[in-house]
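Residue numbers (our numbering), protein chains in the order written: chain A, 1 to 112; chain B, 1001 to 1112; chain C, 2001 to 2112; chain D, 3001 to 3416; chain E, 4001 to 4416; chain F, 5001 to 5416. In this text, a Cβ means the ideal position worked out from N, Cα and C, and glycines have one as well. Quick caveat, the model's predicted, so the values are computed rather than measured. Below you'll find the structure, written out as structure tokens, and then a few comments.
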Amino acid sequence: MKLITAVVKPFKLDDVREALSDIGIAGITVTEVKGFGRQKGHTELYRGAEYVVDFLPKAKIEAAVSDELLEQALEVITTAANTGKIGDGKIFVTNLEQVIRIRTGETGNEAI
Amino acid sequence: MKLITAVVKPFKLDDVREALSDIGIAGITVTEVKGFGRQKGHTELYRGAEYVVDFLPKAKIEAAVSDELLEQALEVITTAANTGKIGDGKIFVTNLEQVIRIRTGETGNEAI
Amino acid sequence: MKLITAVVKPFKLDDVREALSDIGIAGITVTEVKGFGRQKGHTELYRGAEYVVDFLPKAKIEAAVSDELLEQALEVITTAANTGKIGDGKIFVTNLEQVIRIRTGETGNEAI
Amino acid sequence: MEQLTELSYALDTFYFLICGAFVMWMAAGFAMLEAGLVRAKNTTEILTKNVALYSIACVMYMLCGYNMMYPAEAVNSIWPGISFLLGEDNTTVDVLASKGETYYSTMADFFFQVVFVATAMSIVSGAVAERMKLWAFLSFSVVMTGFIYPIQGYWKWGGGFLDQLGFSDFAGSGVVHLCGATAALAGVLLLGARKGKYGANGSIHPIPGCNMPLATLGMFILWLGWFGFNGGSELKISNVEEANAVALIFVNTNAAAAAGVISALVTAHILFGKADLSMALNGALAGLVAITAEPLTPTPLLASIIGAIAGIIVVFSVIGFDKLKIDDPVGAISVHGVVGIWGLLAVCFSNPDATLVAQLTGIASIFIFVFSASFLTWKVIQSIIGIRVTEEEEYQGVDYSECGMEAYPEFTNSGK
Amino acid sequence: MEQLTELSYALDTFYFLICGAFVMWMAAGFAMLEAGLVRAKNTTEILTKNVALYSIACVMYMLCGYNMMYPAEAVNSIWPGISFLLGEDNTTVDVLASKGETYYSTMADFFFQVVFVATAMSIVSGAVAERMKLWAFLSFSVVMTGFIYPIQGYWKWGGGFLDQLGFSDFAGSGVVHLCGATAALAGVLLLGARKGKYGANGSIHPIPGCNMPLATLGMFILWLGWFGFNGGSELKISNVEEANAVALIFVNTNAAAAAGVISALVTAHILFGKADLSMALNGALAGLVAITAEPLTPTPLLASIIGAIAGIIVVFSVIGFDKLKIDDPVGAISVHGVVGIWGLLAVCFSNPDATLVAQLTGIASIFIFVFSASFLTWKVIQSIIGIRVTEEEEYQGVDYSECGMEAYPEFTNSGK
Amino acid sequence: MEQLTELSYALDTFYFLICGAFVMWMAAGFAMLEAGLVRAKNTTEILTKNVALYSIACVMYMLCGYNMMYPAEAVNSIWPGISFLLGEDNTTVDVLASKGETYYSTMADFFFQVVFVATAMSIVSGAVAERMKLWAFLSFSVVMTGFIYPIQGYWKWGGGFLDQLGFSDFAGSGVVHLCGATAALAGVLLLGARKGKYGANGSIHPIPGCNMPLATLGMFILWLGWFGFNGGSELKISNVEEANAVALIFVNTNAAAAAGVISALVTAHILFGKADLSMALNGALAGLVAITAEPLTPTPLLASIIGAIAGIIVVFSVIGFDKLKIDDPVGAISVHGVVGIWGLLAVCFSNPDATLVAQLTGIASIFIFVFSASFLTWKVIQSIIGIRVTEEEEYQGVDYSECGMEAYPEFTNSGK
Ligand SMILES: Nc1ncnc2c1ncn2[C@@H]1O[C@H](COP(=O)(O)OP(=O)(O)O)[C@@H](O)[C@H]1O
Ligand SMILES: Nc1ncnc2c1ncn2[C@@H]1O[C@H](COP(=O)(O)OP(=O)(O)O)[C@@H](O)[C@H]1O
Ligand SMILES: Nc1ncnc2c1ncn2[C@@H]1O[C@H](COP(=O)(O)OP(=O)(O)O)[C@@H](O)[C@H]1O
């Protein structure tokens, strides 16, 4: 099993979620994060002095998937989150040694 | 060393924390996240139109543990977070290659 | 490739970010988290009764780095985030199996 | 001469209306105070309660409350009898013929009175916050504003037995504040504490309010409104003595509140080592409630002392109720009830016409009647539709279960 | 005797000024209401609009608006002519010579009138919120407060053709509220809905306001201010009849608002099963708008009924506009426009001087003129500087693009 | 005739009280403005300061301040002497005998004056926000409201040497606003800037306020309160001329504020390319402060111009103080001090009795005295209990260290 972590533009969150759901991945966990990357934040003003808001709000999506679904999942995320503009975000994949569903105690692929 | 990531109902957070602390895991990091899964969100109203708040607030707990403590930790989390109702959440385990305590520079099991 | 996850004191965030940037790691993702560890929270008052705010606000920094940069990155984070006081935080390293840049579809080290 | 009488009538009416408008503004004050002192997930509901209770008070008091409180012909000195809707206002001829007896518009009087009822009812909403069903609360407010409040109001201000007995309550420490607090107490006892407020071994878990600037704004609004509340209760301003009286009331009202802030802040600092803003706010309101029973006869210095003592009382009272596990999220029972009693007793310091016996009789009568009537009403409502939301609804927040709407959708994780 | 006339003049002037101050306070009410009902990312901008439009209204009305609305010598009953700046106030000699005809200060009148203009303009800002360019809006407000409002105001209150026709609009359900709502409608039609508000297949996506306590505070401020709005429109208080009239207006204004809250809340509960606070707030304002056309002749009971019907109308109107995909974030067109019309028609129930024909003529004249003039103005502005922000700016929030400043930098993730 | 005198006395007293109530409301305005412009972690403390300082002002001014400012018998034209507590109010006999000399209640006068003191003190709290110790601030406010303010107040309004010199300050651009700003400046110089505000190489790091709607509300409250502030300073309304005067003051006060908004907004837009709301708010207050020195003699057009210039001045002044590394989180020194001076000088444009020399002497006297006295007081407090919180407390927020309580516990990560 793999854990996919995708950092995307917040307004693409719904698209990614739907795309994942279409291929059978209904469970995901989302966190509001601040991204720093090539895309730069903007400057704001306050009482005549400028200051840089140098982070950009991003949505971090975590989804545990079975090994079989991995490739497909990466593909649909890449497609759904793409705008072609800088700041579209990144996907990270790590290995998952175990997954447990708390309610039932199921483990492994059943638990995803 | 392993990294345990548990997504649980927010009001179970204290129980899980105490349970972990009882078996000697005092350090954890908690994030407020939005969960999407089988459990569905609710609908809210605003000026006569309904809309779905489709995520559910969850608490994500991250705890680095030594290999020995892993099984016990998983057990107490599962027990403490269980309500038997849908939406109880999931536990993910990944391998930790290294841990460093910033203050002292200690690494490995000592750093946990 | 490795994923570095550092939990640090919020007011050290800027220092860490600059230190990473200096060694060529410009992309990071930051999350506001609540830390529980040896360092204890404080008590607050409300209408004559005390209560403990037992967590401490921390910043979680995630940075994907190439294997070569790992050691250097760990070093500069440890140095930049260090205050020598309890609660300085921890660094976790996990293995990254894959990285994808959504905009271009690049993968691996190019995508970092 | 006639024109002078008319002008005098106009000034008194105008003064009454402005004071009434200030008191109406207190409705906003209670709404903000309470919205600031509850958690985010219960904010929409407490706002809805406050907006609705004010409206219900206005309707019920017009329908029958006003007539019960100020009956044309009372049945006896305890039961005023019932009649409906407002009558005609004074004609110019009547006013001129009255030789100064009729010196303000009846409608202005109604307006001033109706905002008082709303105040009494507002006190209740804070105490039962975060756990009571919305419609149970609104049902209670129909009974309270249409019947319970007017009946005991009649006893004093409508010329009933308390008035005849010499009970002294200038602007309503008893009739308004103690009355409201007593109804609240009855509700709170039936309702029980919020979940998680009291731990197993006597421990108390504070539940901090989510928005202190809002609570502070509410306090300031109430302070401002109180000038109308007390100042208008003089009922007349159109000659030198009356004008001086109103001015003194303004000064004393302000002095008592100011002293209440300082004493509550200092007391809290001595007890807890920190400057507890929530206690300072309660201190201001305590000073205001205390001086309400008699804002005219004390000197400004005595008014300050009365307010200062009120500020100390309220701190200990809030702590005391928590020890008794009587859960009052905003401290309404302490501020309006306990301090209301203090205010009624303090009348004896400066008003030679007041007697301790009469004051105690008044306090007891109001408390016993309002408590019994309210308890009964709450009980009836409880048996029909229930008064408390379910545990799950309470955990999720009554905003969702009662109003289906969040107060701050972007600032918190919804449904927490 | 002369001293009496002077005193009377002083009282009427003072009453006027206080009522004016209450209406000025409504500017804060609109600002809070609108800031509470938009999203966090558009809050700074709506606040800026509200502060600026009030200021522009004050300047423009002083420069030429007041003179157009109350011309010394009108050109004809439709076009008042133009002249600039305010004249001198009444001299003591003139006042005494006028035998009671001149009974208040012209400056007080100006002050009272100028806050009305601002009210009309405030209505617009809510309806076009979250997507209109700031400077386009401010440009419109120059034309609106300097010309459009004064011209139609002249028709009724300045003695123009609507007044001669017997059109009845006591405090401005038409002249102020319908006028503002009509200008808003023209703007909204040109502007289009907020992105994401209406889905493909007729679906409606609510965009909840970010701060309900603020919206509630705004409503309470407006309610309070309305006592000045309607109460001051009697223009005189200095004898028994006038004082009674003002008192009745206070009572009726309050009653209509209270009834509006209750009926809107109950209607919403029946329709949606929940107590929708945003509808309760709209209900209060609807009651207030409805009674504004005639707050003097109804009994308090009739005033309550008029307000209650307004509360029902507003709920259906809000839903209806959404069905028509006319996107009005705060419900301003429903509250001030649709209910304004209801109020103007309801005059016929109690005021024997009002005729349905005159009322309909008035409604039609105001609507057609204001709509055309506003549409034209919006169009001109659109062709010169554009009226809508870009899609990206809208997504990011107009706070950043227009003001460069966040309203709540610590409570939300900026730039969302 | 006697009745007429009494009625006239009643009207003037009532007018005074209402104006006083409006000014009291300004305390809420300052509290909201400042709470909106600081960071979330310092909000409870600034609220506590505002509530407490108002209360302390009320107590101190009653104890000795009022008597010092308006001494029965002054020692000389610089030092008024000391005496305690308020005296009796005027009797009817005295009033009637005075032939119109005594035309309002002394208590009403006290009430009006006491809210002025609080205003002066409120100015200080904003400037020293986010880093000063609570109890150090409160200690200063005892000295300021009991002694410093009354002494210089005596010089002008109590009939001291500035009055004799012909210094002209109608409602307190100098006595209230410059005085408050000067005390603030002395405090800020001793206190130093907030940590992180000024970078190494002359860089300035803005620290945005956490709640702009609150700041905007505060500004509106102040604007409303200012009608009482300036309007009440006429002291009399009961004849045609006085009524006209009060009306003109209302109009001019409003005009200056409106013009201040527009000019500040435009200036900011020209300088920064964005419509800076915080500058618009400061612009309104600048307009108000500027017109306060003389709201009666200018025409509304001139009042607008004076306000407009004030709006421009304030923008540059705010930027200028930042360049000088004088850290004033809310811009109080610019708004009340720099613009206060502008207002005092602008008196010469319209008031033929004012001379530039007298105005400059007044400005210098107030500035030098208040600065020295304040600096000394701050120094003494500093040496006894310290005036600045520790670096760690500042980082964590003074809410925790001084009040032990968060303002928005659910909206931010605590202790940040
Ligand atoms: N090395 C990294 N480690 C962790 N997060 C990263 C890394 N690089 C980028 N990110 C995240 O991805 C987001 C987008 O990256 P950015 O460089 O701005 O755009 P792009 O990927 O299109 O070149 C960043 O805001 C950040 O949250
Ligand atoms: N595949 C997944 N990847 C990441 N998070 C998941 C996944 N499945 C579920 N979750 C998280 O677990 C929570 C509970 O899952 P849910 O399916 O609702 O309940 P249950 O686990 O009881 O069936 C979700 O809200 C989501 O945060
Ligand atoms: N085992 C752990 N797993 C996950 N996070 C941890 C763990 N131990 C500590 N942390 C995080 O590191 C932070 C600092 O740890 P703490 O024990 O307070 O200080 P120190 O590392 O200096 O001894 C904690 O607040 C918590 O967020």
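Out of the options, state which residue places its alpha-carbon closest to the alpha-carbon of residue i.
i	options	result
residue 1078 of chain B	B:1061, B:1050, B:1031	B:1061
residue 3315 of chain D	C:2096, C:2041, C:2049, C:2106	C:2049
residue 1097 of chain B	B:1066, B:1076, B:1088, B:1052	B:1066
residue 103 of chain A	B:1074, B:1110, B:1082	B:1082
residue 3258 of chain D	D:3282, D:3241, D:3275	D:3282
residue 4117 of chain E	E:4128, E:4073, E:4173	E:4173
Going by the CB atoms, is the gap between residue j and residue i shorter than 8 Å?
i	j	result
residue 5187 of chain F	residue 5020 of chain F	no
residue 1036 of chain B	residue 64 of chain A	no
residue 4255 of chain E	residue 3013 of chain D	no
residue 3055 of chain D	residue 4262 of chain E	yes
residue 3110 of chain D	residue 3066 of chain D	yes
residue 3064 of chain D	residue 3159 of chain D	no
residue 3358 of chain D	residue 3161 of chain D	no
residue 3149 of chain D	residue 3080 of chain D	no
residue 59 of chain A	residue 10 of chain A	yes
residue 5078 of chain F	residue 5068 of chain F	no
residue 3189 of chain D	residue 5011 of chain F	no
residue 5230 of chain F	residue 5292 of chain F	yes
residue 5024 of chain F	residue 5124 of chain F	no
Assuming residue i and residue j form a contact by the criterion Cβ under 8 Å, report the distance between their Cβ atoms to the nearest whole angstrom.
i	j	result
residue 3332 of chain D	residue 3181 of chain D	6 Å
residue 5405 of chain F	residue 3334 of chain D	Contact flag wrong, Cβ pair sits at about 18 Å.
residue 4399 of chain E	residue 4130 of chain E	In fact, because the Cβ distance is near 10 Å, the residues do not count as touching under 8 Å.
residue 5286 of chain F	residue 5313 of chain F	7 Å
residue 3362 of chain D	residue 3289 of chain D	About 15 Å; that fails the 8 Å criterion.
Within 7 Å of chain D by C-beta, residues of the region 4192-4218 of chain E in sequence order: 4208, 4210, 4211, 4212, 4213, 4216, 4217
Does the structure place the region 2024-2036 of chain C close enough to the region 1023-1043 of chain B that three or more beta carbon pairs sit under 8 Å? Taking 8 Å as the limit for Cβ pairs, the verdict is that the region 2024-2036 of chain C does touch the region 1023-1043 of chain B.
Of the residues that make up the region 5270-5282 of chain F, which ones have a beta carbon closer than 9 Å to any beta carbon in chain A? 5271, 5272, 5273, 5274, 5276, 5278, 5279, 5282
Between the region 5300-5326 of chain F and chain A, which residues of the former have a C-beta closer than 8 Å to a C-beta of the latter? 5315, 5318, 5319, 5322
Report yes or no: do the region 5373-5389 of chain F and the region 5121-5138 of chain F share at least 3 C-beta pairs separated by less than 8 Å? yes
Against chain I: residues of the region 3225-3253 of chain D by CB proximity under 7 Å: Among the protein chains of the structure shown, namely A, B, C, D, E and F, there is no chain I.
Segment contact flag, the region 3212-3230 of chain D with the region 3026-3035 of chain D, C-beta cutoff 8 Å, min 3 pairs: yes
Determine which residues of the region 1018-1050 of chain B have a Cβ less than 8 Å from any Cβ of chain E, and write them out in chain order. Hits within the stretch, in order: 1044, 1045, 1046, 1047, 1048, 1049, 1050.
Could you run through the region 4368-4382 of chain E and flag, in chain order, every residue whose CB is less than 8 Å away from some CB of chain F? none
Select from the region 3015-3040 of chain D all residues with a C-beta closer than 8 Å to any C-beta belonging to chain F, and list them in chain order. Under the 8 Å Cβ criterion, the region 3015-3040 of chain D contributes 3015, 3018, 3022, 3039, 3040.
Proximal residues, the region 2071-2083 of chain C versus chain B, C-beta separation under 7 Å: 2074, 2078, 2081, 2082
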